[in-house]
Amino acid sequence: MKIIQSYWSKPSLQQSEDPNSRFKGGWLHQKYSFYSQALSCLSFKEFYADVELYTDQKGKELFIDALHIPYTKTHITLDAIDSYDSKLWALGKIMTYAAQNTPFIHADSDVYIWEKLPEGLTSSRLFSQNLEINFPAYQSALDDILKHFDWVPTEIINALYINKEIHAFNAGIIGGHDLDFFQLLKERVFKFIDVNSHLLHQIDVGIFNTIFEQQLGYAIAQKKQIPVQYYLDHVDSDFSQVINFHTVPFKSKYVHCIGYAKKSIFACEQLEARFKYHYPDFYLQLNQNLKTHFPNDNFESDFSNQRFEYLFTIYDWLNQTSLDGIFNTQFQLNSSVEVLQENDSYYLQYSLPQNGVLQKEELKDWLAILLYFEEPTTIKELYDELCEDEDFLKEMNKNELKNKLISFVMDKLLLLEILTVHL
Amino acid sequence: MKKEILKQIKATVLSKKETQTIVGGYNGSFTGNCSFIICGGQQNTAGWASKPGCPTTSSGRRLYVYRPNPSLFCWQ
Chain A
79 MKIIQSYWSK
89 PSLQQSEDPN
99 SRFKGGWLHQ
109 KYSFYSQALS
119 CLSFKEFYAD
129 VELYTDQKGK
139 ELFIDALHIP
149 YTKTHITLDA
159 IDSYDSKLWA
169 LGKIMTYAAQ
179 NTPFIHADSD
189 VYIWEKLPEG
199 LTSSRLFSQN
209 LEINFPAYQS
219 ALDDILKHFD
229 WVPTEIINAL
239 YINKEIHAFN
249 AGIIGGHDLD
259 FFQLLKERVF
269 KFIDVNSHLL
279 HQIDVGIFNT
289 IFEQQLGYAI
299 AQKKQIPVQY
309 YLDHVDSDFS
319 QVINFHTVPF
329 KSKYVHCIGY
339 AKKSIFACEQ
349 LEARFKYHYP
359 DFYLQLNQNL
369 KTHFPNDNFE
379 SDFSNQRFEY
389 LFTIYDWLNQ
399 TSLDGIFNTQ
409 FQLNSSVEVL
419 QENDSYYLQY
429 SLPQNGVLQK
439 EELKDWLAIL
449 LYFEEPTTIK
459 ELYDELCEDE
469 DFLKEMNKNE
479 LKNKLISFVM
489 DKLLLLEILT
499 VHL
Chain B
194 MKKEILKQIK
204 ATVLSKKETQ
214 TIVGGYNGSF
224 TGNCSFIICG
234 GQQNTAGWAS
244 KPGCPTTSSG
254 RRLYVYRPNP
264 SLFCWQ
């Protein structure tokens with residue numbers, strides 16, 4: 079099965095203040111979009127022989143000629159949509175799906191994997207990352223579309239009528255062998271856009287992309303009675319289940335740095351650290367190429383060498399440690415973290431390891447668990463005490479609790495350095 | 194001490210979502226003349242949206258005025 083990725087340069091190069099645009103790829107800084115493209119390509123190449131890029135001439139000059147991102151093949155196809163509004167960033171994906179004449183897996187350039195995708199999934203007729211039901215983004219933009227547009231595909235109207243709620247699929251990964259579906263999707267998307275092109279200024283064009291790709295795609299599959307297989311069973315609208323950098327690789331084998339996570343300094347740091355850790359030579363080479371290609375830009379890392387060394391020590395440990403090993407390891411509050419008591423409340427005061435900014439947070443809800451780590455404590459000890467309460471376990475599956483506790487501790491260890499571990 | 198903490202957290206572990214530092218998604222980009230981004234993580238300590246006339250909450254989350262300045266994302 080071949081992997082395909084797409085890059086339409088126009089959205090990335092067009093200045094925009096819309097957080098759902100793809101200016102700078104949607105990332106905090108332009109350089110992270112390059113790191114992401116590289117890490118995504120390289121991580122898929124670990125498991126698939128063919129990783130091909132569909133792009134336009136500018137994209138080819140940038141990613142292939144200048145930055146030497148090692149795609150196995152490059153197709154220059156997306157200049158054909160150069161006349162379209164740059165805010166329609168998903169159009170390059172739609173074009174690329176429809177250009178396929180053999181089964182494929184399309185992966186967004188903000189998706190990284192640590193294991194091969196399941197064969198049962200990728201050999202199916204149609205698959206995508208996950209189902210989205212009534213995710214908050216769609217409603218308002220859809221209201222405007224229904225109010226202002228001259229024409230809306232009947233598949234969308236019928237699906238709304240049948241489902242009584244908004245159904246869509248997330249296309250972080252998408253593919254299959256029903257190539258006719260992707261041809262039809264392209265036809266319907268272009269009609270949706272072309273008929274209403276004079277009305278785009280009246281709607282949220284950033285979200286319109288998710289509507290014409292993900293909602294319309296789902297509605298067409300529903301009308302054609304095409305079963306959709308999903309990689310993930312349940313994903314919340316904050317996509318926390320797919321942005322688990324902190325549980326790679328012992329639990330998370332797939333990260334999709336979706337939407338506003340690209341604006342998070344934590345996600346950008348983990349992207350750069352993972353890229354530098356897994357592919358140190360290419361990281362150096364890419365930065366050198368970036369300096370040559372963009373001589374006026376700064377490509378110095380936003381993060382200290384000390385911070386990278388800390389992360390790489392943890393990554394080394396995680397590579398060699400099982401879930402049970404983590405479960406039985408002692409963690410403790412970092413000595414630089416202060417626990418303050420004010421009136422009847424506890425607060426945690428610490429500096430962010432990414433930039434030194436002082437944080438003060440009330441220790442309530444899940445954060446109160448951190449008090450338990452004033453002394454060296456294993457997650458198992460905490461888990462065992464919680465499990466002693468039979469009433470508690472009536473509401474919480476033991477395995478679910480274990481996974482949540484591990485995720486919580488690793489988040490505070492890796493991303494915030496609130497907790498430490500003695501290795 | 195530990196027992197006290199456990200008593201405190203048991204109920205909240207059940208009722209609240211685990212706090213994660215990185216969250217994502219898409220929640221709309223423009224409402225009227227307001228441009229905003231939502232940072233859903235409890236740890237994000239950005240200033241509240243303060244643009245006159247702009248909404249400050251949506252679906253129980255905090256809304257922040259979005260500025261295309263990298264140093265101002267998510268906390269400030």
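Residue numbers (our numbering), protein chains in the order written: chain A, 79 to 501; chain B, 194 to 269.
For glycine and all other residues, C-beta sits at the position ideal for the given N, C-alpha and C.
Note that the structure is predicted; figures quoted are calculated from it, not measured.
- If you draw a 10 Å sphere on the C-beta of A:ALA215, you find 16 or more other C-beta atoms in it, and that means buried.
- Residue pairing of A:GLY403 in beta bridges, as defined by DSSP: absent, with no partner found.
- Exclusion of the five residues before and after A:LYS151 leaves GLU130 as the residues of its chain whose Cβ lies within less than 6 Å of its Cβ.
- A contact between stretches requires three or more CB pairs, one per stretch, nearer than 8 Å, and the stretch 236-254 of chain A meets this requirement with the stretch 180-187 of chain A.
- For the 7 Å CB-CB criterion, A:GLN135 and A:ASP160 do not form a contact.
- CA-CA distance, A:THR200 to A:MET79, rounds to 8 Å.
- About 17 Å separates the CB atoms of A:ILE285 and A:ASP188; that is not less than 8 Å, and the two are not in contact.
- The beta carbons of A:TYR361 and A:PHE353 sit closer together than 7 Å.
- In the three-state reduction of the DSSP assignment, A:VAL487 falls in the helix class, which pools H, G and I.
- Contact of A:PHE323 with chain B by beta-carbon distance below 8 Å involves ILE215.
- In the DSSP assignment, A:GLY170 falls within the alpha helix (DSSP H) that extends over 169-176.
- Between A:GLU347 and A:GLN217 a beta carbon distance of about 33 Å is seen, past the 8 Å cut, so the two are scored as non-contacting.
- For A:ILE447, there is no enclosing beta strand (DSSP E), since its DSSP letter is neither H nor E.
- Counting only runs that start and end inside the stretch 124-151 of chain A, the beta strand (DSSP E) elements of at least 3 residues fall at 129-133.
- Residues of chain B with a Cβ closer than 9 Å to the Cβ of A:TRP444 are, in chain order, ILE202, THR205, VAL206, LYS209, LYS210, GLU211, THR212, GLN235.
- DSSP places A:ASN208 in the strand class (E or B) of the three-state scheme.
- At least one CB of chain B lies nearer than 7 Å to the CB of A:TYR338.
- Bridge pairing for A:TYR424: A:GLN419 [DSSP].
- Secondary structure note for A:HIS356: its alpha helix (DSSP H) is the uninterrupted segment 343-356.
- The alpha-carbon separation between A:THR407 and A:ASP163 amounts to approximately 53 Å.
- Three or more beta-carbon pairs separated by less than 8 Å are not found between the stretch 139-147 of chain A and the stretch 217-235 of chain A, which leaves the two stretches without contact.
- Fewer than three pairs of CB atoms, one per stretch, sit closer than 8 Å, so the stretch 419-432 of chain A makes no contact with the stretch 199-215 of chain B.
- By the Cβ neighbour-count rule, A:TYR239 is exposed, with fewer than 16 other Cβ atoms within 10 Å of its own.
- A contact between stretches requires three or more CB pairs, one per stretch, nearer than 8 Å, and the stretch 446-453 of chain A fails this requirement with the stretch 275-294 of chain A.
- When the Cα atoms are used, A:LEU460 and A:THR325 turn out to be separated by approximately 19 Å.
- In this structure, the beta-carbon distance from A:VAL306 to A:PHE247 falls below 7 Å.
- Setting aside the 5 residues that flank it on each side, A:LEU106 is surrounded in the same chain by LYS341, CYS346, each with a C-beta closer than 6 Å to its C-beta; the list follows chain order.
- Residue environment analysis places A:VAL435 among the exposed positions, since fewer than 16 neighbouring C-beta atoms fall within 10 angstroms of its C-beta.
- Within the stretch 195-264 of chain A, the runs of beta strand (DSSP E) that reach at least 3 residues and sit entirely inside it are, in chain order, 205-211, 245-254.
- With 16 or more other Cβ atoms inside 10 Å of its own Cβ, A:ALA177 counts as buried.
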